[in-house]
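Counted the way UniProt numbering counts, the sequence shown spans residues 1 to 322.
Note that beta-carbon positions come from the ideal geometry of N, C-alpha and C, so glycine has one too.
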Amino acid sequence: MSAFSRGFLLQHRLFARPVQAQSPQLNGRQPRFFTSSQFLCAKTNPPSVPRRGATPLKSTVPKKASGGLPRKDAAILKPSKLPIVQNSPNAAPTKTLELSRRNPILYAESLAQKSDPSIIYTAPSHTRLFFLCSAAAAGIMAQAAYCIHIYLLPPDGLAWFVPYSFGIGGMIGAGLGTWLMLSTSGIIRQITAIPKKAMSTSPVVKRAQTHNLELEVEFRKMLPVPFFPARKIYISPSEFGLHHPVAPQMQAERFAYEESRKYGAVSRALQGLWKDSKRAWTRDGFEKVRINSRTYKLDVTGEQSPDVGHAIDKLADIYRKR
1 MSAFSRGFLL QHRLFARPVQ AQSPQLNGRQ PRFFTSSQFL CAKTNPPSVP RRGATPLKST
61 VPKKASGGLP RKDAAILKPS KLPIVQNSPN AAPTKTLELS RRNPILYAES LAQKSDPSII
121 YTAPSHTRLF FLCSAAAAGI MAQAAYCIHI YLLPPDGLAW FVPYSFGIGG MIGAGLGTWL
181 MLSTSGIIRQ ITAIPKKAMS TSPVVKRAQT HNLELEVEFR KMLPVPFFPA RKIYISPSEF
241 GLHHPVAPQM QAERFAYEES RKYGAVSRAL QGLWKDSKRA WTRDGFEKVR INSRTYKLDV
301 TGEQSPDVGH AIDKLADIYR KR
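1. Taking only the alpha-carbon atoms, compute the straight-line gap between residue 132 and residue 239 and give it to the nearest angstrom.
2. Going by DSSP in three states, residue 228 sits in which element: helix, strand or coil?
3. For the 8 angstroms Cβ check, are there 3 or more pairs between the stretch 259 to 267 and the stretch 112 to 131?
4. Return the CA-CA distance between residue 276 and residue 165, expressed in angstroms with no decimal places.
5. For residue 121, which beta-bridge partners are listed by DSSP?
6. For residue 231 and residue 292, I'd like the C-alpha separation in whole angstroms.
7. Can you give me the C-alpha to C-alpha distance between residue 302 and residue 213, rounded to a whole angstrom?
8. Tell me the rounded alpha-carbon separation between residue 227 and residue 188.
9. State the DSSP-derived secondary structure class of residue 217, mapped to helix, strand or coil.
10. Quick check: what's the CA-CA separation for residue 128 versus residue 273?
11. Residue 173: buried (16+ other C-beta within 10 angstroms of its C-beta) or exposed?
12. DSSP three-state call for residue 328: helix, strand or coil?
13. Report the three-state DSSP secondary structure of residue 234 (helix, strand or coil).
14. May I ask you to report which of helix, strand or coil DSSP gives residue 288?
15. Looking only at C-alpha atoms, which of 229, 184, 258, 299 sits nearest to residue 242?
16. Out of 194, 221, 149, 258, which has the shortest C-alpha to C-alpha gap to residue 234?
17. Does DSSP put residue 223 in a helix, a strand or coil?
18. In the stretch 114 to 170, which residue ranges form an unbroken beta strand (DSSP E) of at least 3 residues, counting only runs that do not cross its ends?
19. Using DSSP's beta-bridge definition, name the partner residues of residue 177.
20. Closest by CA to residue 305, which one among 144, 244, 254?
21. Per DSSP, what kind of secondary structure is residue 272 in: helix, strand or coil?
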């Protein structure tokens, strides 16, 4: 009987499926998860039921904050408490610029409260542009004068249409020469904000004491004649206007200027010569400024800071809102 039972158990073991076959197949296509494996699954203890009369233990898991993270993690994500650094007296222009970005009226009032004049804008050098325009205009004007001379006193033996052709060429040359000569006229050299306190000490602007702030606009000389002062006008901020903002243009020009400094001095000189030659004809890099119903030119090229453009834009916003 015992032999029969041993043979029956042996037969049962032969036909029984191995334990490994009952587990899910782990191949390259199916990802391996610890929860789906019978051998790697961790044993979990059943939750303990507190006895009657026993004090419940405090949970060691940190409570969740309002953002869904534990308070310990939330404290890590909080910014560190750094000491607040107060602005020094040298940081007054930065504070003034912050006021200008918020409200142009506040910016004008901050300039009016100062005791000394504040230079808002200074134009870059235009010596090379003036030389190119003068040389090109002189050559074209000389050719135009010769054409006009042929038109007025034609030589003998010419066809009837030749003097008229020279006359048309002379008028075109005179127009081109005038265009080149006027390319350096009306360029703003400097803009200075003069508060009321400085007006009382200046004999030039005593007439403008009715305003809290005056703008002194200085223009570049059209001809470099010595011993002659540059032309200046005094206006209120409400008389200063722009057609387009200049801060984005100044920022782009500043970036182009920084990129050009990577090259050598000869390359920069040739590049500047070509750029000024193009500006003489196209007026590229100049923004139109409206002052007392007249149009002037503001140079936005060079290494001008974008903060200067923001200040000019805020003063021009007063002109748009009046």
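With the given structure in hand:
1. Each residue's Cα considered, the two are about 33 angstroms apart.
2. In the three-state DSSP reduction, residue 228 falls in the coil class, being neither helix nor strand.
3. Taking a cut-off of 8 angstroms for Cβ pairs, the stretch 259 to 267 and the stretch 112 to 131 do not touch, as fewer than three such pairs fall below it.
4. Residue 165 has its alpha-carbon roughly 32 angstroms from the corresponding atom of residue 276.
5. 191, per the DSSP bridge assignment.
6. In this structure, the alpha-carbon of residue 231 lies about 15 angstroms from that of residue 292.
7. Approximately 28 angstroms between the Cα atoms of the pair.
8. If I take the Cα positions, the gap works out to 20 angstroms.
9. Here residue 217 sits in strand by DSSP.
10. Linking residue 128 to residue 273 through their CA atoms gives a straight-line distance of about 8 angstroms.
11. Within a 10 Å sphere around the beta-carbon of residue 173 sit 16 or more other beta-carbons, which makes this residue buried.
12. Outside the modelled stretch of the chain, which goes from 1 to 322, sits residue 328, for which no answer is possible.
13. DSSP, reduced to helix, strand and coil, places residue 234 within a strand of the structure shown.
14. Collapsing the DSSP output to three states places residue 288 in a strand.
15. Closest by alpha carbon: 299.
16. Taking the Cα of residue 234 as reference, the smallest distance to any Cα among 194, 221, 149, 258 is reached at 194.
17. Looking at residue 223 - three-state DSSP - the assignment turns out to be coil, as it is neither helix nor strand.
18. With a minimum length of 3 residues, the continuous beta strand (DSSP E) runs that stay inside the stretch 114 to 170 are 118 to 122.
19. Within the DSSP secondary-structure output, residue 177 pairs in no beta bridge.
20. Answer by Cα proximity: 254.
21. Secondary structure at residue 272: helix, using DSSP grouped into helix, strand and coil.
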